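First the structure, in the form of structure tokens, and then the observations on it.
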DNA sequence: GAACGGCACTTGTCCAAACAAGTTCACCAA
DNA sequence: TTGGTGAACTTGTTTGGACAAGTGCCGTTC
């Protein structure tokens, strides 16, 4: 009965519905393996046509949260691992979505000319200035990840007016109207260097899980390039894969 | 003009269309960044209604191959990284899809009672037998990955009649009618143990990229549990992420 | 030349209807 | 009791129509 008022939100109905359904599943209101209400019932409950309900369900289906076939009622597949853009891009958002407390200690923030390597990755000319931020991130006070971010000057300059110890850079930039729209994440493993080792409290050379990220604006420009190194016993990445749906994740080889 | 005959296939039209569109993109007929024909044109070309065309496009959209907005014509996004089930589940399939030559050397194949740890992961009673296979996998002759697979007895027994040095276990099992339908992959980092170090030719403790996999049958039973360790400079994992589409990949915390 | 307004076109959203194809279940007959 | 038949219901597919909202372009006006 909640959110049955003609919806203050101006989002399209099918989107509101799919969010509602997602909640019902993750809250356990609709249990895994159990069939969910028939399309006709959902139509009646929300006062919309069948097309709209199907549009909402299609969204869940494409994520694998719901399966079903002709004649058979749709059933909740599994509480699917899937994360929104913000949750996946921002350590703080991620922590909050888990009910954990994110923490950060800024080790360094600096403006430097980009080295050849970095410039190549970010599509800059060598020597163009970038803003580098080095932070130690924690979950519930426990050191978890070393974050090395490089921002292009236009974006990074705004950071000097921001207390990087206070929270999410992603959130701050978004609130300032920076339009981060796409991320490309490369996941591999790396041995801890001296800095990593000291910050995370491990031996130099210890295996760390690295997420190398490029963040793009809507127009395709690269805004950020980061190198996050996780303690592998504190966080890792999970993906599910079925014969029916292609996985967005890809395993790539590195040398020709 | 190909496949314009009323379609011998009994697949639904929207599915045929989305396959056709996928081909047009991967063949370069529709080029990256270029707008594709308007919905009205596509309707006329294929003699179907707009709803059907939109249904076909929605499929590409959900994979990120196509973007677009109100008023704007839909444009071909980047050739999206996405892999079929077989390519992601099988090292051999993966290598072939890249035009590389997969190799394997079987170090050990054995039947053992499952330890408490493994039994828990696979949903077996401790002591139930599992078939363990330890192989060194290579790309174009270069050692790349150490593969430790554990199969439940029912599936694994078939392997004693298979030359595990000859190629893909996944392919062999599929051809025997074993219905692998779902995989759950956990990605983290781990230091090389003595075996890894010797096989891959690195120092013990060197950082390796680990893919821990559970493979499920259609009925939900766990058929296989594997631990694959890659040289991080030879292979890694990539995922893309946009504000519009949720990522199937998830970053998970490990301790409460 | 630059700014503005309006028109044609395109996609997004929503509805209504009809049929096909599969599932479930009650009922009846052997 | 068992087996089969069929009706009722469910989801999948496809069509058609209508309106809203955004883009791009052309021509007018300043």
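Chains as they are written, first to last, in our numbering: chain A, -17 to 238; chain B, -17 to 238.
In this text, a Cβ means the ideal position worked out from N, Cα and C, and glycines have one as well.
Please read all numbers here as calculations on a predicted model, not as lab measurements.
- Nearest CB-CB separation between residue 83 (chain B) and chain A: not below the 9 Å threshold.
- Judged by DSSP in its simplified three-state form, residue 213 (chain A) adopts coil rather than helix or strand.
- Membership of residue 178 (chain A) in the alpha helix (DSSP H) is indicated by the continuous run 176 to 182.
- Residue pairing by DSSP places residue 133 (chain A) opposite A:113 and A:206 in a beta bridge.
- Between residue 115 (chain A) and residue 108 (chain B), the alpha-carbon positions lie close to 49 Å from each other.
- Looking at the backbone, the Cα of residue 56 (chain B) and that of residue 38 (chain A) are separated by about 21 Å.
- Within the same chain, Cβ atoms closer than 7 Å to the Cβ of residue 187 (chain A) are found at 173 and 174, the five residues on either side in sequence being excluded.
- When 9 Å is used as the limit between beta carbons, residue 220 (chain B) is near these residues of chain A: 166, 167, 168, 169, 231, 232, 233 and 234, in chain order.
- Taken through DSSP and simplified to helix, strand or coil, residue 72 (chain B) comes out as coil.
- The beta carbon of residue 135 (chain B) sits closer than 6 Å to the beta carbons of 111 from its chain, once the five residues preceding and following it are set aside; these are given in chain order.
- Collapsing the DSSP output to three states places residue 35 (chain B) in a helix.
- The beta-carbon distance between residue 35 (chain B) and residue 45 (chain B), rounded to whole angstroms, is 17 Å. This is too long to meet the 8 Å contact definition.
- A Cβ of chain A is located within less than 9 Å of the beta carbon of residue 70 (chain B).
- The beta carbon of residue 44 (chain B) falls within 9 Å of a beta carbon belonging to chain A, placing the residue at that interface.
- Separation of residue 217 (chain A) and residue 192 (chain B) (C-alpha to C-alpha, rounded to the nearest whole angstrom) is 13 Å.
- Listed along chain A are 224 and 225, each with a C-beta nearer than 7 Å to that of residue 163 (chain B).
- Among the CB atoms of chain A, one or more fall inside 9 Å of the CB of residue 187 (chain B).
- Counting along the chain, no alpha helix (DSSP H) covers residue 170 (chain B); the unbroken beta strand (DSSP E) around it starts and ends at 162 to 173.
- At least 9 Å separates the CB of residue 160 (chain A) from every CB of chain B.
- Here residue 117 (chain B) really is in contact with residue 87 (chain B); their C-beta atoms are around 7 Å apart, less than 8 Å.
- Comparing alpha-carbon positions, the option among B:137, B:47, B:178 and B:8 lying closest to residue 89 (chain B) turns out to be B:178.
- The beta carbon of residue 82 (chain A) lies closer than 6 Å to those of 121 and 122 in the same chain, with the five residues before and after it left out.
- By alpha-carbon distance to residue -2 (chain B), the top candidate from B:16, B:30 and B:9 is B:30.
- CA-to-CA, the gap between residue 150 (chain A) and residue 59 (chain A) works out to about 33 Å.
- As the crow flies, the alpha-carbon of residue 209 (chain B) is around 29 Å from that of residue 49 (chain A).
- Residue 142 (chain A) sits exposed, since fewer than 16 C-beta atoms from the chains shown fall within 10 Å of its C-beta.
- In chain order, 162 place their CB closer than 7 Å to the CB of residue 156 (chain B), counting only its own chain and leaving out the 5 sequence neighbours on each side.
- Taking the Cα of residue 25 (chain B) as reference, the smallest distance to any Cα among B:133, B:41 and B:-4 is reached at B:-4.
- Put simply, the backbone Cα of residue 194 (chain B) is about 20 Å away from that of residue 92 (chain B).
- Annotated three-state conformation of residue 120 (chain B) is strand, per DSSP.
- Following the DSSP letters along the chain, one finds residue 24 (chain A) inside the alpha helix (DSSP H) bounded by residues 21 to 28.
- A residue is called buried when at least 16 other Cβ atoms come within 10 angstroms of its Cβ; residue 11 (chain B) does not meet this threshold and is exposed.
- Boundaries for residue 153 (chain B): no beta strand (DSSP E) harbours it, while the alpha helix (DSSP H) harbouring it runs 151 to 157, taken from the DSSP string.
- For residue 4 (chain B), the enclosing alpha helix (DSSP H) stretches over residues -5 to 8.
- Just so you know, the alpha carbons of residue 133 (chain B) and residue 113 (chain A) end up roughly 50 Å apart.
- When C-beta distances to chain B are compared with 7 Å, every residue of the stretch 135 to 155 of chain A stays at or above that value.
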